[in-house]
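Asker: Top to bottom, those sequences are chains A and B.
Just so you know, my numbering puts 149 at position 147 of the first sequence, and the rest follows in order with no gaps.
Just so you know, my numbering puts 1198 at position 256 of the second sequence, and the rest follows in order with no gaps.
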Amino acid sequence: MSATPQRFSEGRSYASERSEPGMPKSGPKRLARGLGWFSIGLGLAELLAPRAIANISGVSNKHTGLIRLYGLREIAAGVTIFSQKEPAAGLWSRVAGDALDLASLGMAFTSPDAKRGRVAFATANVLAVTTLDLIAAKQLSTGSPGVHAKASCIVNRSPEEVYSFWRSFQNLPRFMKHLNSVEDLGDGRSRWKAKGPAGTEVEWEATIIADVPGEVITWRSLEDSDVDNAGAVRFEPAPGNRGTIVKVHIQYNPPAGVIGATVAKLFGEEPEQQLEDDLRRFKQVLEVGEVVVSDATLLGAGYFEQRPARPADVDELEEAESMESLPSQSATNYHRAAQGRAF
Amino acid sequence: MRANCWYGKTVTRVEEVPDPQILNQRDAIVKISSTAICGSDLHLYNGFIPTMQRGDILGHEFMGEVVEVGREVTNLRIGDRVVVPFPIACGNCFFCQSQMYSLCENSNPNAWMAEKAFGHAASGIFGYSHLTGGYAGGQAEYARVPFADVGPIKVPDHLTDEQVLFLSDIFPTGYMGAEMCDIKPGDTIAIWGCGPVGQFSIRSAFLLGAERVIAIDSVPERLQMAEQGGAETINFSEQNVYERLMDMTGGRGPDACIDDVGMEAHAPMPIHVYDRMKQAMMMETDRPHALREAIMCCRNGGTISIIGVYGGFIDKFPIGSVMQRSLTIKTGQAHVQRYMRPLLQMIENGDIDPSFVVTHIMSLDDAPKAFDMFKHKKDGCIKVVLKTGMTGSGETVH
Chain A
3 MSATPQRFSE
13 GRSYASERSE
23 PGMPKSGPKR
33 LARGLGWFSI
43 GLGLAELLAP
53 RAIANISGVS
63 NKHTGLIRLY
73 GLREIAAGVT
83 IFSQKEPAAG
93 LWSRVAGDAL
103 DLASLGMAFT
113 SPDAKRGRVA
123 FATANVLAVT
133 TLDLIAAKQL
143 STGSPGVHAK
153 ASCIVNRSPE
163 EVYSFWRSFQ
173 NLPRFMKHLN
183 SVEDLGDGRS
193 RWKAKGPAGT
203 EVEWEATIIA
213 DVPGEVITWR
223 SLEDSDVDNA
233 GAVRFEPAPG
243 NRGTIVKVHI
253 QYNPPAGVIG
263 ATVAKLFGEE
273 PEQQLEDDLR
283 RFKQVLEVGE
293 VVVSDATLLG
303 AGYFEQRPAR
313 PADVDELEEA
323 ESMESLPSQS
333 ATNYHRAAQG
343 RAF
Chain B
943 MRANCWYGKT
953 VTRVEEVPDP
963 QILNQRDAIV
973 KISSTAICGS
983 DLHLYNGFIP
993 TMQRGDILGH
1003 EFMGEVVEVG
1013 REVTNLRIGD
1023 RVVVPFPIAC
1033 GNCFFCQSQM
1043 YSLCENSNPN
1053 AWMAEKAFGH
1063 AASGIFGYSH
1073 LTGGYAGGQA
1083 EYARVPFADV
1093 GPIKVPDHLT
1103 DEQVLFLSDI
1113 FPTGYMGAEM
1123 CDIKPGDTIA
1133 IWGCGPVGQF
1143 SIRSAFLLGA
1153 ERVIAIDSVP
1163 ERLQMAEQGG
1173 AETINFSEQN
1183 VYERLMDMTG
1193 GRGPDACIDD
1203 VGMEAHAPMP
1213 IHVYDRMKQA
1223 MMMETDRPHA
1233 LREAIMCCRN
1243 GGTISIIGVY
1253 GGFIDKFPIG
1263 SVMQRSLTIK
1273 TGQAHVQRYM
1283 RPLLQMIENG
1293 DIDPSFVVTH
1303 IMSLDDAPKA
1313 FDMFKHKKDG
1323 CIKVVLKTGM
1333 TGSGETVH
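(1) Can you tell me the Cβ-Cβ gap for residue 1077/B and residue 1068/B, rounded? I've got them flagged as a contact below 8 Å.
(2) Using 10 angstroms around the beta-carbon of residue 1016/B, count the other beta-carbons present and answer buried if the total reaches 16, otherwise exposed.
(3) For the alpha helix (DSSP H) that residue 1166/B lies in, which residues bound it at each end?
(4) Within 8 Å of any Cβ in chain C, is that where the Cβ of residue 32/A sits?
(5) Please confirm whether residue 995/B has its beta-carbon closer than 8 Å to some beta-carbon of chain A.
(6) Buried or exposed for residue 1100/B, please, with buried defined as at least 16 other CB atoms from any protein chain shown within 10 angstroms of its CB.
(7) Secondary structure at residue 957/B, three-state DSSP: helix, strand or coil?
(8) Which residues of chain A have a Cβ atom closer than 7 Å to the Cβ of residue 1035/B, listed in chain order?
(9) Compute the distance between the beta-carbons of residue 1103/B and residue 976/B, then report whether it is under 8 Å.
(10) Candidates 1331/B, 966/B, 1120/B, 944/B: which alpha carbon is nearest residue 1145/B's?
(11) For residue 1304/B, does the three-state DSSP call read helix, strand or coil?
(12) Only counting the same chain, and skipping five residues up and downstream in sequence, which positions put a Cβ closer than 6 Å to that of residue 1228/B?
(13) Are the Cβ atoms of residue 1197/B and residue 1133/B separated by less than 8 Å?
(14) Kindly say whether residue 294/A, judged by its beta-carbon, lies nearer than 8 Å to any beta-carbon of chain B.
(15) With distances taken between CB atoms, is the gap from residue 969/B to residue 1105/B smaller than 8 Å?
(16) Less than 8 Å between CB atoms is the rule here; does residue 1067/B satisfy it with respect to chain A?
(17) Could you give the distance in angstroms between the alpha-carbon of residue 1156/B and the alpha-carbon of residue 950/B?
(18) From residue 100/A to residue 240/A, what distance separates their C-alpha atoms?
(19) Could you name the residues of the same chain whose beta carbon sits closer than 6 Å to that of residue 27/A, not counting the 5 residues immediately before and after it, in chain order?
(20) Can you give the beta carbon distance from residue 1046/B to residue 1060/B, rounded, assuming they're within the 8 Å contact cut?
(21) What first and last residue would you give for the alpha helix (DSSP H) that runs through residue 166/A?
(22) What are the start and end residues of each continuous alpha helix (DSSP H) run of 4 or more residues lying completely inside the stretch 28-112 of chain A, in chain order?
(23) Could you check the C-alpha separation between residue 1063/B and residue 1040/B for me, to the nearest Å?
(24) Is residue 962/B helix, strand or coil when you go by DSSP?
(25) Within 8 Å of any Cβ in chain B, is that where the Cβ of residue 152/A sits?
(26) Cα separation between residue 301/A and residue 995/B?
(27) Helix, strand or coil for residue 1019/B? Go by DSSP, reduced to three states.
(28) Residue 23/A by DSSP, collapsed to three states: which one?
(29) Express the C-alpha separation of residue 322/A and residue 210/A in angstroms, rounding to a whole number.
(30) Under the DSSP definition of a beta bridge, which residues are partnered with residue 1199/B?
(31) From the beta carbon of residue 946/B, is the nearest beta carbon of chain A less than 8 Å away?
(32) Taking C-beta pairs closer than 8 Å, name the residues in chain A that residue 1277/B reaches, listed in chain order.
(33) Are the stretch 1121-1129 of chain B and the stretch 985-1001 of chain B in contact at 8 Å, needing three or more beta carbon pairs?
(34) Can you have a look at residue 324/A and say buried or exposed, based on whether 16 or more other CB atoms are within 10 angstroms of its CB?
(35) For residue 1108/B, which of 1242/B, 1004/B, 944/B, 1012/B has the nearest alpha-carbon?
(36) State the Cα-Cα distance for the pair residue 986/B and residue 1071/B, rounded to the nearest angstrom.
In structure tokens, the structure reads:
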């Protein structure tokens, strides 16, 4: 009987993925959650028991209406922290609220009804919380912002074959739907042209940062590009000689303004889904030779792009042709469709 | 061309649609001679499968003549007579190379939909909702057949359409249902559902060496066809299935049980009412009565083979019985391409003549009428074959 070595841990650690640059770390997120609960708790107390809050902080009982309003503001900030993937916005609104609290407490110092000792205690507390808010907000806002998309697939080909297909960047538009063309300019540089809205085109130049045959390619746009973006693709042999695991990570920093809106549109509302669809086509091209189309997906596979599962008429074939969603070799078919069937 | 198109729950229309074109270079266009209505088409017809779109062409059991091939199709010629398997499979991916064709990774362009519903996508299927790719079906005069270099099988001229048509689905499906039982000499196999697939499971179980086959249904003509295939039968509307099976097997239970029913099971009141209600309230999508009963009846350490179609979620699944009694569950859409050649050989050898199951031959134009007849089991309807080259009213075979 052959002894199977006991496995105490998985061979591959995901720690490196967690600490990838640009991805927020878990520490500040935990702090943000704590502050979110604090906001909601304090907000409820201010809303429901404004007199008690006024007593504790030493301000006049006359201000209960204002304290209730501040309570609502606190609750809103707390909810914002929990309702967004990136809680930074909620934290910055907390920082702004802290400033308002401090200003109000400053005014209370000069009020004849105020109890100075309690106001000073309350101010010290708010300052402490403000410091925490600032730390969490700054930590969550730094690191690279923008849109990240990660996806992976297994291709039934060797890492070398898969790598060399990807490394020939001119192949990318065959499966990446938003690209019109990628031109290799030599010296690791390339010019990318992508589809913009209403028939427009955006372009940028990129340079290769890392290139290890059969293993990894990373690239990023040149510094003065309109579209600041970067990408990494890793190729790992799948266990048991079952092809290659391809892992792609793409990052975009949409700029403000018109170009920003264009870029945001390029990568869709669900960039991860788009990248997964791209990889599915990538696998099809490598495994079966071309992108596979069905009647329903001739004009796109999205939920609203589906047409009925029946053959397309001439107009639809022409539309598919103009969208380049037909495999290149079938370009001539719709001309014949117009003339009717030959058999 | 004319095609039978879906227009909502229990509504289909035969209408004029554009002819199919070669879209991928491994496509072929087949001029259809015979096409059939499958029991699983009734799940679409009855509105139980999501992602159908008005105008979708139905049908996934068809055969005919190759009239056009893409550049990459080198094994077929114009004029070849072929039967087309219902799963669309590329032949190149991990699953195709493992002969699990109905799990092809490349043939479903709507894989994202299936991933949301099932976690992972299976292969594309002709005429079976957008969840399985959105391919036009074969209840039509022509069909585009992707991966024609992998799927279609050439059939000899001396065999009739009715003898070979069912290689497209129900014969391999019924056969795989029996094969999953891992039948040993002397085994007793119980089969829930005597529809067309159940009929092929009965005959396949005997071909694979079963000593006894016990078939369960409530429709007299289907039970009669099961008996003609050599099975003993239980009519669940007249007898308690569990008690009868235990009586027949000395209390041990059958060695393996095949669920040839799927998601729209009928059961004696009040269980049927319970599952109908839950289904109507969207609390479960499938009615699993046959499966529950098969599990409870199976002998300790036996096998449950699920070949009837399920599409969603079920309730009150007796997992305790499965676990405590060491049952094995095997299931899947049939990997038809794996079975076509050996089963064609059996037909040629005369081991089986699949045409026994046909009760009605009708014109494609009568497809809406045929669906209604099949659904309500009118006129002893068990299996309908639709002909493209036929006009006028159909004929009853049996």
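Virtual Cβ for every residue (Gly too), placed ideally from N, Cα, C.
Because the structure is a prediction, the values reported are computed rather than measured.
Answerer: Considering the structure as presented:
(1) 5 Å
(2) exposed
(3) 1162-1170
(4) Protein chains in the displayed structure are A and B, and chain C is not among them.
(5) yes
(6) If you draw a 10 Å sphere on the C-beta of residue 1100/B, you find fewer than 16 other C-beta atoms in it, and that means exposed.
(7) The answer is strand: DSSP assigns residue 957/B an E or B state.
(8) Within chain A, the residues near residue 1035/B are 158, 289.
(9) The answer is yes: Cβ separation under 8 Å.
(10) 1120/B
(11) strand
(12) 1205, 1252, 1254, 1256
(13) no
(14) yes
(15) Not closer than 8 Å, so no.
(16) no
(17) Going from the Cα of residue 1156/B to the Cα of residue 950/B covers about 37 Å.
(18) 53 Å
(19) Since pLDDT at residue 27/A reaches only 42, below the 50 mark, its modelled position is unreliable, and the value read off the structure follows with that caveat. Cβ neighbours of residue 27/A beyond the five flanking positions: none.
(20) With 8 Å as the limit, residue 1046/B and residue 1060/B do not qualify as a contact, their Cβ atoms being about 15 Å apart.
(21) 161-169
(22) For the stretch 28-112 of chain A, the continuous alpha helix (DSSP H) assignments of 4+ residues that do not extend past its boundaries occur at 28-50, 52-59, 66-85, 90-112, in sequence order.
(23) Taking C-alpha positions only, residue 1063/B is separated from residue 1040/B by approximately 17 Å.
(24) coil
(25) False, the Cβ-Cβ gap to chain B never drops below 8 Å.
(26) If you take the alpha carbons of residue 301/A and residue 995/B, they lie about 15 Å apart.
(27) coil
(28) Note that residue 23/A scores 37 on pLDDT, short of 50, meaning its location in the model is unreliable; the coordinates nonetheless yield the value given after this. Correct three-state label for residue 23/A: coil.
(29) 33 Å
(30) 1132/B, 1246/B
(31) no
(32) Result: empty, since nearest Cβ-Cβ is about 18 Å, beyond 8 Å.
(33) no
(34) exposed
(35) 1004/B
(36) 8 Å
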